[in-house]
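Asker: First, the structure itself, so that you have it in front of you.
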């Protein structure tokens, strides 16, 4: 899969509140293309998880 495909897949998981798979997809996209928009999406998701799920998420 391409970085764009992983980014889109991550967006689909995020819409379903499937945080783990969304993060995994964004990380794959960033690994393939560090300038991918998935880098910002990953940061956004980390901020959301840190705010709402402090006990469940520890980077």
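Numbering (this note's numbering), first residue to last: 158 to 216. Using N, Cα and C, we set each Cβ at its ideal position, and we do this for glycine too. Keep in mind the model is a prediction, meaning the values are calculated, not measured.
1) Let me make sure I understand the geometry here. Which of 195, 159, 189 has the alpha-carbon closest to that of residue 180?
2) My output table needs one value for residue 199: the three-state DSSP class, helix, strand or coil.
3) Using a Cβ-Cβ cut-off of 6 Å (strictly less than) and excluding sequence neighbours within five positions of residue 163, which residues of its own chain qualify?
4) Since residue 176 and residue 200 are thought to touch, with beta carbons under 8 Å apart, how far apart are those beta carbons, to the nearest angstrom?
5) Reducing DSSP to helix, strand and coil, say where residue 175 ends up.
Answerer: Judging by the given coordinates:
1) When each option's Cα is compared against that of residue 180, the closest is 195.
2) helix
3) Only 182, 185, 186 meet the Cβ criterion.
4) Residue 176 to residue 200, Cβ: 14 Å. No contact.
5) coil
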